[in-house]
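Student: As you go down the protein sequences, you meet chains G and H in turn. For the first sequence, position 53 (counting from the first letter as 1) is numbered 53 according to full-length UniProt numbering, and the numbering increases by one without interruption. For the second sequence, position 12 (counting from the first letter as 1) is numbered 12 according to full-length UniProt numbering, and the numbering increases by one without interruption. Cβ atoms here follow ideal geometry from the backbone N, Cα and C, with glycine treated the same way. Quick one: the structure is below, and I'll ask about it shortly.
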Amino acid sequence: MALPSYSLRDPNGMYTFSSRPRPVEIRSKYREPAPEQTQRQYGNIMYDRRVVRGNTFAQHPIPRTHQSDPAKQQAFKRRSIARRQARVHLRTKSPEALQGRQHVDVQTELYLEELSNVIEATDIESQTDEFLDKPATPLFIPAKSGVDAGTQIEEGELFDFDLEVQPVLEVLVGKTIEQSLLEVMEEEELACLRTQQRIFQELRNNELAEVQRLQEQERRRREEKELRVAQQKEALKKERETAEKIAAQAFSQQYLAGLLPSVFTSLRNHGYFYDPVEKDIEVNFLPWLMAEVNDQLKKRFVARELLDTIIYEVSQKRLEEFNHLETRQDSSDP
Amino acid sequence: MAAAVQDPNRAAVAFGRQAVPQLFEQLQQRDAPCSLRVLTSLCDLVHEPERLYQIVTGGFIAQLQDLLKDEDPSVRTKTCELLHLLTSHSIGRLALLSSSLLPPLSDLLDDSSSSCRRNVHLVLNGLAQMPAGAQALLMLVPKLMLKLRQMEEEQEEEEALLLSTLSSCSRLDPLPALASDGVPVLGHTLSHCSPNICREATEVLMALSIPEDGKRQVCEEQVLPILMGLLQNGDLQVQTNAAGVIMNTVIITTGPSSCLVLLR
Numbered sequence: 001m002a003l004p005s006y007s008l009r010d011p012n013g014m015y016t017f018s019s020r021p022r023p024v025e026i027r028s029k030y031r032e033p034a035p036e037q038t039q040r041q042y043g044n045i046m047y048d049r050r051v052v053r054g055n056t057f058a059q060h061p062i063p064r065t066h067q068s069d070p071a072k073q074q075a076f077k078r079r080s081i082a083r084r085q086a087r088v089h090l091r092t093k094s095p096e097a098l099q100g101r102q103h104v105d106v107q108t109e110l111y112l113e114e115l116s117n118v119i120e121a122t123d124i125e126s127q128t129d130e131f132l133d134k135p136a137t138p139l140f141i142p143a144k145s146g147v148d149a150g151t152q153i154e155e156g157e158l159f160d161f162d163l164e165v166q167p168v169l170e171v172l173v174g175k176t177i178e179q180s181l182l183e184v185m186e187e188e189e190l191a192c193l194r195t196q197q198r199i200f201q202e203l204r205n206n207e208l209a210e211v212q213r214l215q216e217q218e219r220r221r222r223e224e225k226e227l228r229v230a231q232q233k234e235a236l237k238k239e240r241e242t243a244e245k246i247a248a249q250a251f252s253q254q255y256l257a258g259l260l261p262s263v264f265t266s267l268r269n270h271g272y273f274y275d276p277v278e279k280d281i282e283v284n285f286l287p288w289l290m291a292e293v294n295d296q297l298k299k300r301f302v303a304r305e306l307l308d309t310i311i312y313e314v315s316q317k318r319l320e321e322f323n324h325l326e327t328r329q330d331s332s333d334p
Numbered sequence: 001m002a003a004a005v006q007d008p009n010r011a012a013v014a015f016g017r018q019a020v021p022q023l024f025e026q027l028q029q030r031d032a033p034c035s036l037r038v039l040t041s042l043c044d045l046v047h048e049p050e051r052l053y054q055i056v057t058g059g060f061i062a063q064l065q066d067l068l069k070d071e072d073p074s075v076r077t078k079t080c081e082l083l084h085l086l087t088s089h090s091i092g093r094l095a096l097l098s099s100s101l102l103p104p105l106s107d108l109l110d111d112s113s114s115s116c117r118r119n120v121h122l123v124l125n126g127l128a129q130m131p132a133g134a135q136a137l138l139m140l141v142p143k144l145m146l147k148l149r150q151m152e153e154e155q156e157e158e159e160a161l162l163l164s165t166l167s168s169c170s171r172l173d174p175l176p177a178l179a180s181d182g183v184p185v186l187g188h189t190l191s192h193c194s195p196n197i198c199r200e201a202t203e204v205l206m207a208l209s210i211p212e213d214g215k216r217q218v219c220e221e222q223v224l225p226i227l228m229g230l231l232q233n234g235d236l237q238v239q240t241n242a243a244g245v246i247m248n249t250v251i252i253t254t255g256p257s258s259c260l261v262l263l264r
């Protein structure tokens with residue numbers, strides 16, 4: 001078959017089959033002796049005799065006992081019993097016998113037979129005798145038929161071991177050597193790789209040492225430079241401070257140069273430096289002199305005042321007298 | 001078929017490309033003696049690169065996480081051995097890094113079984129050879145330093161592996177190791193040790209003495225006398241590494257002065 005179909009054994013042991021779906025080929029009623037496989041005619045299933053047509057319910061009814069539900073089964077049984085009983089009741093019976101008569105069942109056939117429920121039965125027993133010792137059955141040797149023949153394999157007739165074993169040995173030895181060569185080459189490769197790694201490590205270590213040395217050198221130089229720069233800055237700062245100090249000193253000196261004489265002058269002006277004799281004269285003598293002069297002047301003033309007063313009084317009196325005189329004159333002269 | 005000898009320690013391996021997935025499915029059943037046999041078979045298979053590729057691309061590595069926390073120490077040991085075989089290839093290393101297996105592995109460093117610890121150290125060592133791996137392991141460096149301090153005399157192999165991991169990590173970035181008092185601990189290790197451990201410890205010291213802080217610590221912690229003594233050691237590698245440390249140390253100013261003092 002050209003179409004593929006797989007049947008597998010599942011790991012769990014189940015058998016599965018799968019195939020591509022293919023249309024059913026038609027088969028004629030009377031088969032040809034040699035059916036050709038190449039002609040593939042797809043038949044119409046409407047005209048296929050193997051396909052069931054029509055109502056299928058009457059053909060193979062589902063067996064009644066195949067009921068899954070036990071409750072349903074019991075109900076079914078009860079219903080069937082009830083149906084049977086109802087059927088019995090519905091059946092018509094012969095009418096009842098008249099009074100004094102009795103219905104009797106009678107056989108009307110030609111040859112009467114005894115009807116009875118009792119079945120004649122006889123019991124017969126039998127028992128085998130005890131087993132007797134039996135001799136062993138002889139071995140069955142069939143009668144001889146045919147012709148006897150013998151054969152013998154001489155040495156060297158079957159095969160030559162040395163010749164035959166050579167290819168096998170070659171393969172075995174070849175494979176073993178090949179495998180071992182591979183392993184040895186692998187080991188060599190690994191050893192080469194390790195050597196390469198070691199060489200690289202050594203180079204790296206050397207380079208690292210150089211790098212560290214340079215790093216260290218760089219660090220030292222940098223630190224030294226920073227130190228020097230700091231020192232220089234310090235020095236500059238000190239220099240600047242010193243220059244400022246000198247400038248300040250010069251300026252202040254110059255500013256304060258005139259201070260002393262001016263101080264002295266002002267002090268002298270305020271009279272803090274005095275000649276004691278002069279001071280004494282000034283403080284004691286002169287005021288006294290002035291006071292005395294004042295007294296003297298006061299006295300003169302007082303004298304003059306007095307004189308003035310006297311003169312005034314005299315003149316007043318004279319005026320009064322003159323006035324008096326005048327009035328007397330006026331009065332006297334008519 | 002019946003004549004084929006079944007090793008009782010190994011589980012049956014399916015043919016072809018079903019081998020690896022089937023073994024991992026068996027592992028999912030969490031049956032303890034079965035797990036050990038399956039893991040042994042897996043370890044045998046993983047030597048082949050094709051199977052390793054299958055494991056990595058099939059996404060089975062996440063399953064190993066549960067096995068790392070198993071109660072049976074031999075199961076844990078075998079799982080770590082499997083991971084160690086994975087680190088022998090670059091895709092295995094990358095897969096290990098991208099999976100979330102590093103935290104459980106680092107927890108296993110404190111495991112009770114010494115073979116399990118040894119395998120964990122092997123895995124970490126393999127990872128650290130790669131720069132990306134060393135980067136990822138940088139976070140573990142404090143814990144590793146702690147383990148180094150607690151290391152006793154008998155665990156020489158573990159110590160050597162631990163120191164090798166530390167040296168790979170420190171070559172990438174020495175600062176975490178320095179921060180966890182790397183120099184004093186290593187000085188202590190150097191004073192009593194076998195040639196293997198001396199070699200590894202001096203390598204770590206060489207990586208640690210590259211930053212300036214490391215150099216200063218080497219001078220201060222009196223490690224230089226020990227290093228001078230190691231220059232006369234019989235092993236060439238030890239001598240080389242000790243010379244390397246001294247080369248790094250004398251770059252700073254206190255280095256040569258202390259060395260000259262010692263030489264006198």
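Compute the minimum distance between the beta carbon of C219 (chain H) and the heavy atoms of the ligand PLP, and state whether it is under 7 Å.
Tutor: Annotation note on the ligand PLP: not contained in the displayed structure, which lists no ligands.
Student: At a CB distance below 8 Å, what residues from the region 105–127 of chain H approach chain G? Give them in sequence order.
Tutor: So the list is empty, because no residue satisfies the distance condition.
Student: Which residues in the same chain as P131 (chain H) place their Cβ atom closer than 8 Å to its Cβ, once the five residues preceding and following it in sequence are excluded?
Tutor: Result list for P131 (chain H): L172, in chain order.
Student: With a threshold of 7 Å on Cβ separation, who are the neighbours of K215 (chain H) within its own chain once the five nearest residues in sequence on each side are excluded?
Tutor: For K215 (chain H), where only same-chain residues beyond five positions count, the Cβ hits under 7 Å are S209, N248, T249, I251, I252 and G255.
Student: Since N196 (chain H) meets chain G, which of its residues come closer than 9 Å, beta carbon to beta carbon?
Tutor: In chain order: nothing, as chain G lies at least about 17 Å away.
Student: If L144 (chain H) and T165 (chain H) are in contact, beta carbons under 8 Å, what's the gap, nearest whole angstrom?
Tutor: At roughly 7 Å, the Cβ-Cβ gap stays under 8 Å, so L144 (chain H) and T165 (chain H) are in contact.
Student: Do T79 (chain H) and L67 (chain H) count as a contact pair if the criterion is CB distance below 8 Å?
Tutor: Yes, the Cβ-Cβ distance between L67 (chain H) and T79 (chain H) is below 8 Å.
Student: On the criterion of 16 or more Cβ atoms from any shown chain inside 10 Å, does G126 (chain H) qualify as buried, or is it exposed?
Tutor: With 16 or more other Cβ atoms within 10 Å, it is buried.
Student: Counting only Cβ-Cβ distances shorter than 7 Å, please list the residues of the region 233–264 of chain H near chain G, keeping chain order.
Tutor: Flagged, chain order: G244, M247, N248, I251 and I252.
Student: Would residue 281 (chain H) pass as a contact of G58 (chain H) if the rule is Cβ separation under 8 Å?
Tutor: Since the first and last residues shown for chain H are 1 and 264, residue 281 (chain H) lies out of range.
Student: For the region 210–226 of chain G, which residues have a beta carbon sitting closer than 7 Å to at least one beta carbon of chain H?
Tutor: From the region 210–226 of chain G, only Q212, R213 and E216 have a Cβ closer than 7 Å to chain H.
Student: Kindly list the residues whose CB is nearer than 7 Å to the CB of E152 (chain H), restricted to its own chain and excluding five residues on each side of it in sequence; keep chain order.
Tutor: None.
Student: Secondary structure at M1 (chain H), three-state DSSP: helix, strand or coil?
Tutor: Note that M1 (chain H) scores a pLDDT of 39, beneath 50, so its modelled location is shaky and nothing firm can be said.
Student: Determine the contact status of T77 (chain H) and S41 (chain H), defining contact as a CB-CB distance below 8 Å.
Tutor: No. Outside cutoff.
Student: Can you grab the Cα-Cα spacing for the pair F301 (chain G) / W288 (chain G), in whole Å?
Tutor: One C-alpha to the other measures close to 19 Å.
Student: How long is the line joining the alpha carbons of L227 (chain G) and L105 (chain H), rounded to whole angstroms?
Tutor: Their Cα atoms are separated by approximately 53 Å.
Student: Would the beta-carbon of P176 (chain H) fall within 8 Å of that of P211 (chain H)?
Tutor: No; because the gap between Cβ atoms is not below 8 Å, this pair is not in contact.
Student: Give the straight-line distance between the Cα atoms of D129 (chain G) and E120 (chain G), rounded to the nearest whole angstrom.
Tutor: Roughly 29 Å between the two C-alpha positions.
Student: Per the contact definition of three or more C-beta pairs closer than 8 Å, is the region 238–248 of chain H in contact with the region 190–209 of chain H?
Tutor: The region 190–209 of chain H vs the region 238–248 of chain H: in contact.
Student: Can you list the residues of chain G that I210 (chain H) reaches, using a CB-CB cut of under 8 Å?
Tutor: Going along chain G in sequence order, the residues near I210 (chain H) (Cβ under 8 Å) are L208 and Q212.
Student: Any idea if S180 (chain G) is buried or exposed, counting beta-carbon neighbours within 10 angstroms, 16 or more meaning buried?
Tutor: Exposed is the call here.
Student: Would the beta-carbon of C116 (chain H) fall within 8 Å of that of P73 (chain H)?
Tutor: The answer is yes: Cβ separation under 8 Å.
Student: Rounded to whole angstroms, what's the CA-CA distance from A250 (chain G) to T242 (chain G)? Just pull it up for me.
Tutor: Straight-line Cα distance between these residues: approximately 12 Å.
Student: Report the CB separation of T87 (chain H) from V123 (chain H) in whole angstroms; it is logged as a contact under 8 Å.
Tutor: About 6 Å; that satisfies the 8 Å criterion.
Student: Helix, strand or coil: which one does DSSP assign to C193 (chain H)?
Tutor: C193 (chain H) falls in the coil class under three-state DSSP.
Student: Enumerate, from N- to C-terminal direction, the unbroken beta strand (DSSP E) stretches of 3 or more residues contained entirely within the region 148–179 of chain G.
Tutor: List check, beta strand (DSSP E) in window: nothing returned.
Student: Between which residues of its own chain and R10 (chain H) is the CB-CB distance below 6 Å, once the five residues before and five after are set aside?
Tutor: Hits under 6 Å: R37, T40 and S41.
Student: If the cut is a Cβ gap below 9 Å, which residues of chain H does N205 (chain G) touch?
Tutor: Under the 9 Å cutoff, chain H gives M206, G244, M247 and N248.
Student: Since P261 (chain H) and V223 (chain H) should fall inside the 8 Å C-beta cutoff, what is the C-beta to C-beta distance between them, to a whole number of angstroms?
Tutor: For clarity, residue 261 (chain H) is Val in the given sequence; the question names Pro instead. Rounded, the Cβ-Cβ distance is 14 Å, inconsistent with contact.
Student: Would you list, in sequence order, the uninterrupted alpha helix (DSSP H) runs of no fewer than 4 residues that lie entirely inside the region 221–271 of chain G?
Tutor: 259–270, all fully within the region 221–271 of chain G.
Student: On the CB-based measure, 16 or more other CB atoms within 10 Å of its CB, does A149 (chain G) come out buried or exposed?
Tutor: A149 (chain G) comes out exposed.
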